[in-house]
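This report refers to the structure that appears directly beneath it.
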Amino acid sequence: MSFVELNQTKHSLLSSELQRTQYPYVTGTSVVALKYKDGILMASDMGASYGSTLRYKSVERIKPIGKHSLLGASGELSDFQELLHYLDELILYDNMWDDGNSLGPKEVHNYLTRVMYNRRNKFNPLWNSLILGGVKNGQKYLGTVNMIGVHFEDDHVATGFGNHLARPILREEWHKDLSFEDGVKILEKCMRVLLYRDRSAVNKLQIAKITEEGVTISQPYALKTFWEFNAFQNPTAAAEGSWHIEFIQVESSDLSQTRVILAVKIVGTRVFVREEDEVGGVAANLAGKKKKRIEVKVVLVLI
1 MSFVELNQTK
11 HSLLSSELQR
21 TQYPYVTGTS
31 VVALKYKDGI
41 LMASDMGASY
51 GSTLRYKSVE
61 RIKPIGKHSL
71 LGASGELSDF
81 QELLHYLDEL
91 ILYDNMWDDG
101 NSLGPKEVHN
111 YLTRVMYNRR
121 NKFNPLWNSL
131 ILGGVKNGQK
141 YLGTVNMIGV
151 HFEDDHVATG
161 FGNHLARPIL
171 REEWHKDLSF
181 EDGVKILEKC
191 MRVLLYRDRS
201 AVNKLQIAKI
211 TEEGVTISQP
221 YALKTFWEFN
231 AFQNPTAAAE
241 GSWHIEFIQV
251 ESSDLSQTRV
261 ILAVKIVGTR
271 VFVREEDEVG
281 GVAANLAGKK
291 KKRIEVKVVL
301 VLI
C-alpha cells in the first residue's frame, strides 16, 4: 500500500469515528403537524437541550425541502444537520436533470425512510424522529419516520412527547375541512400542553405552512400561559400521606409564658394537635420581639 493510500485510509477511519453519534447530546423536543383544507401546518418550539439543561432557545427545527416539502425534526441536532446536507445533495442532483420535474413530498419521505433504515442497519443511526409534509399537484402528504426507519402516513402526526400528549388532542379536534385559523388554534393548544408538561419545551415557537403557493414559516412568538392552578402551586396537596402546612397564630400577654401550638394535618387521616412549652428556640426568638400577636410558619419535612 502506497503512502497516499495509507493516508486516505487513515483519514477515512478518523472521519468515520468523528461522524458517528454514539449518544444524543444536544436535542430538540416535539414537532406536531396536521393537514388542513389548503395544505400542511407544522409547529415546533425553538429549544435545544444539552442533556437535561435547556441550553439553546433559538434553534429552528422546521426547514423547507425543495419546492414542495417541509421537514421538522426532533432529536439530535447534529444528525438533523447531517440529514439536511443529504437532502441538499438530493435536491441538487434532481435539479441537474433540468427536466421540468421536481421531487414531491412522497419521494422525499421515501428517501428519508431508506436513509434512516440503512443507518440503523449499520448500527450508526441518525438519532432523529422526522415529520415530512408537503403539497404537489393538489395532493397533500404528511408522514413521519423515526431513527430505526419505522414510518407511516396520517392526517396528523407528532414526534417525541407529542406522541403521548398532542395526538389525543389531534384525534379529538381534527377534521378534514379544517381552516387555517382553526388549524393554528389546535397546534397552539398542543404546544401549550407540551409547554406545561414537557421539561424540555420552551415558550418560543414557530408555525409553518405549505400550500401550492409555497412555504411560509412564522416569526418566533410566545403563547399566553396560566400557571396559577392549584395543582401547580401545591402539587402534592391532595396526595395520600402528604403534609398540610399552615400558619399558626399565637397570642400571649406575657411572652415569657409563650405556648406554641403545633397542628399537623396528614391527608387521609385525622388531625393531630400538640402543645409544648418553649419548643426549641422558638420561645427565645419570640421573647425578643415586642409583639402581642405573632405568626409562626411551621415547616415539616417527611423523611
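One point on numbering: in full-length UniProt numbering, the residue at position 298 of the sequence shown is 298, and numbering is uninterrupted. From the three backbone atoms N, C-alpha and C, an ideal C-beta is built for every residue, glycine too.
Legend entry - Inter-residue spacing [alpha-carbon to alpha-carbon] between residue 170 and residue 186: Here residue 170 corresponds to residue number 170 of the sequence shown, with the count starting at 1. Here residue 186 corresponds to residue number 186 of the sequence shown, with the count starting at 1. As the crow flies, the alpha-carbon of residue 170 is around 7 Å from that of residue 186.
Inset, instruction - Look at the Cβ atom of residue 105, then the Cβ atom of residue 83, and state whether they are nearer than 8 Å. - result: Counting from one through the sequence shown, the residue named residue 105 turns up at place 105. Counting from one through the sequence shown, the residue named residue 83 turns up at place 83. Not a contact, by the Cβ cut-off of 8 Å.
Inset, instruction - Sort out for me which residues DSSP pairs residue 159 with in a bridge. - result: By 1-based counting over the sequence shown, the position of residue 159 is 159. According to DSSP, which records beta bridges pairwise, residue 159 is partnered with nothing at all.
Inset, instruction - Put residue 29 into one of helix, strand or coil per three-state DSSP. - result: To locate residue 29, count along the sequence shown from 1; it is residue 29. Residue 29 sits in coil when the DSSP states are folded into three classes, being neither helix nor strand.
Inset, instruction - With residue 49 as the anchor, note down where its beta strand (DSSP E) starts and where it stops. - result: To locate residue 49, count along the sequence shown from 1; it is residue 49. DSSP places residue 49 in the uninterrupted beta strand (DSSP E) bounded by 48-50.
Inset, instruction - Tell me whether residue 175 counts as near the ligand MN, meaning its Cβ is closer than 7 Å to at least one heavy atom of that ligand. - result: The ligand MN is absent from the structure shown, which contains no ligand whatsoever.
Inset, instruction - Report the three-state DSSP secondary structure of residue 202 (helix, strand or coil). - result: For this step, residue 202 is matched to residue 202 along the sequence shown. Correct three-state label for residue 202: coil.
Inset, instruction - Can you say whether residue 48 is buried or exposed, counting buried as having 16 or more other CB atoms within 10 angstroms of its CB? - result: Here residue 48 corresponds to residue number 48 of the sequence shown, with the count starting at 1. Counting the other Cβ atoms within 10 Å of the Cβ of residue 48 gives 16 or more, which makes it buried.
Legend entry - DSSP state of residue 23 mapped onto helix, strand, coil: Here residue 23 refers to the residue found at position 23 when the sequence shown is read from its first residue. It is coil, neither helix nor strand.
Inset, instruction - From the DSSP output, in three-state form, read off residue 113 for me. - result: Taking the first residue of the sequence shown as position 1, residue 113 is located at position 113. Collapsing the DSSP output to three states places residue 113 in a helix.
Inset, instruction - Check the C-beta distance from residue 61 over to residue 108 and give it rounded, since I have them as a contact under 8 Å. - result: Counted from its first residue, the sequence shown places residue 61 at position 61. Counted from its first residue, the sequence shown places residue 108 at position 108. Under the criterion of beta carbons closer than 8 Å, residue 61 and residue 108 do not qualify as touching, at roughly 17 Å.
Inset, instruction - Would you give the residue range spanned by the alpha helix (DSSP H) that residue 193 belongs to? - result: Taking the sequence shown and counting its residues from 1, the one referred to as residue 193 is at position 193. Going by DSSP, residue 193 is part of the alpha helix (DSSP H) stretching over 180-197.
Inset, instruction - To the nearest angstrom, report how far apart residue 148 and residue 212 are at their CA atoms. - result: The residue you call residue 148 lines up with position 148 of the sequence shown. The residue you call residue 212 lines up with position 212 of the sequence shown. Computed Cα separation, rounded: 31 Å.
Inset, instruction - Rounded to whole angstroms, what's the CA-CA distance from residue 67 to residue 235? Just pull it up for me. - result: Taking the first residue of the sequence shown as position 1, residue 67 is located at position 67. Taking the first residue of the sequence shown as position 1, residue 235 is located at position 235. Here the alpha carbon of residue 67 sits roughly 48 Å from the alpha carbon of residue 235.
Inset, instruction - State the Cα-Cα distance for the pair residue 162 and residue 97, rounded to the nearest angstrom. - result: Position 162 of the sequence shown, counted from the first residue, corresponds to residue 162. Position 97 of the sequence shown, counted from the first residue, corresponds to residue 97. For the pair residue 162 and residue 97, the Cα-to-Cα distance works out to about 39 Å.
Legend entry - Under 8 Å between C-beta atoms of residue 41 and residue 183: Position 41 of the sequence shown holds residue 41. Position 183 of the sequence shown holds residue 183. In this structure, residue 183 lies closer than 8 Å to residue 41 by Cβ.
Inset, instruction - State the start and end residues of the unbroken beta strand (DSSP E) segment that holds residue 128. - result: For the purposes of this step, residue 128 is identified with residue 128 of the sequence shown, where counting begins at 1. Residue range 128-136 is occupied by the beta strand (DSSP E) that includes residue 128.
Inset, instruction - Tell me whether residue 271 sits in a helix, a strand or coil according to DSSP, three-state version. - result: For the purposes of this step, residue 271 is identified with residue 271 of the sequence shown, where counting begins at 1. In this prediction, residue 271 scores a pLDDT of 41, lower than 50, which makes its location untrustworthy; the coordinate-derived value is nonetheless stated afterwards. Three-state result, residue 271: strand.
Legend entry - Pairwise C-alpha distance: residue 226 and residue 273: What you label residue 273 is simply residue 273 of the sequence shown in a count that begins at 1. What you label residue 226 is simply residue 226 of the sequence shown in a count that begins at 1. For residue 273, the predicted structure reports a pLDDT of 41, less than 50, and the residue's modelled location is therefore unreliable. A value from the coordinates is still provided. In a straight line, the C-alpha of residue 273 is about 37 Å away from that of residue 226.
Inset, instruction - Would you mind giving the Cβ-Cβ distance between residue 24 and residue 100, rounded to the nearest angstrom? I have them listed as a contact below 8 Å. - result: For the purposes of this step, residue 24 is taken as the residue at position 24 of the sequence shown. For the purposes of this step, residue 100 is taken as the residue at position 100 of the sequence shown. Incorrect: roughly 40 Å between the Cβ atoms, too far for contact.
Inset, instruction - Look at the alpha carbon of residue 114 and the alpha carbon of residue 153, and state the distance between them as a whole number of angstroms. - result: For the purposes of this step, residue 114 is taken as the residue at position 114 of the sequence shown. For the purposes of this step, residue 153 is taken as the residue at position 153 of the sequence shown. C-alpha separation (whole angstroms): 15 Å.
Inset, instruction - Work out the CA separation of residue 218 and residue 178 for me, nearest whole Å. - result: In the sequence shown, counting from the first residue as 1, residue 178 sits at position 178. In the sequence shown, counting from the first residue as 1, residue 218 sits at position 218. Going from the Cα of residue 178 to the Cα of residue 218 covers about 19 Å.
Legend entry - Coil, strand or helix - residue 96 by DSSP: Taking the first residue of the sequence shown as position 1, residue 96 is located at position 96. Here residue 96 sits in helix by DSSP.
Legend entry - Three-state class that DSSP yields for residue 140 in the structure shown: In the sequence shown, the residue the question calls residue 140 occupies position 140. In this structure, residue 140 counts as strand in the three-state DSSP scheme.
Inset, instruction - With DSSP collapsed to three states, give me the class of residue 45. - result: The residue you call residue 45 lines up with position 45 of the sequence shown. Reduced to three states, the DSSP call for residue 45 is strand.
Inset, instruction - Return helix, strand or coil for residue 298, following the three-state DSSP convention. - result: Numbered from its first residue, the sequence shown carries residue 298 at position 298. Annotation note: pLDDT 45 at residue 298 (below 50); position unreliable, no value reported.
Inset, instruction - Go to residue 73, then tell me how far its beta strand (DSSP E) extends in each direction, as first and last residue. - result: The residue you call residue 73 lines up with position 73 of the sequence shown. Counting along the chain, the beta strand (DSSP E) containing residue 73 begins and ends at 69-76.
Inset, instruction - Measure the C-alpha to C-alpha separation of residue 192 and residue 210 and round it to an integer number of angstroms. - result: In the sequence shown, counting from the first residue as 1, residue 192 sits at position 192. In the sequence shown, counting from the first residue as 1, residue 210 sits at position 210. Answer to the nearest angstrom: the Cα atoms are 22 Å apart.
Inset, instruction - Could you confirm whether any beta carbon from chain C is found closer than 8 Å to the beta carbon of residue 90? - result: Within the model displayed, chain C is absent; a lone protein chain is all it includes.
Legend entry - Beta-carbon spacing of residue 194, residue 166 below 8 Å: To locate residue 194, count along the sequence shown from 1; it is residue 194. To locate residue 166, count along the sequence shown from 1; it is residue 166. Yes, these two residues count as a Cβ contact at 8 Å.
Legend entry - Whole-angstrom distance between residue 232 and residue 72, CA atom to CA atom: In the sequence shown, the residue the question calls residue 72 occupies position 72. In the sequence shown, the residue the question calls residue 232 occupies position 232. Rounded to whole angstroms, residue 72 and residue 232 show a C-alpha spacing of 31 Å.
Inset, instruction - Tell me, please, which residues DSSP counts as bridged to residue 209. - result: Indexing the sequence shown from 1 puts residue 209 at position 209. BP columns for residue 209 point to 41 and 216.
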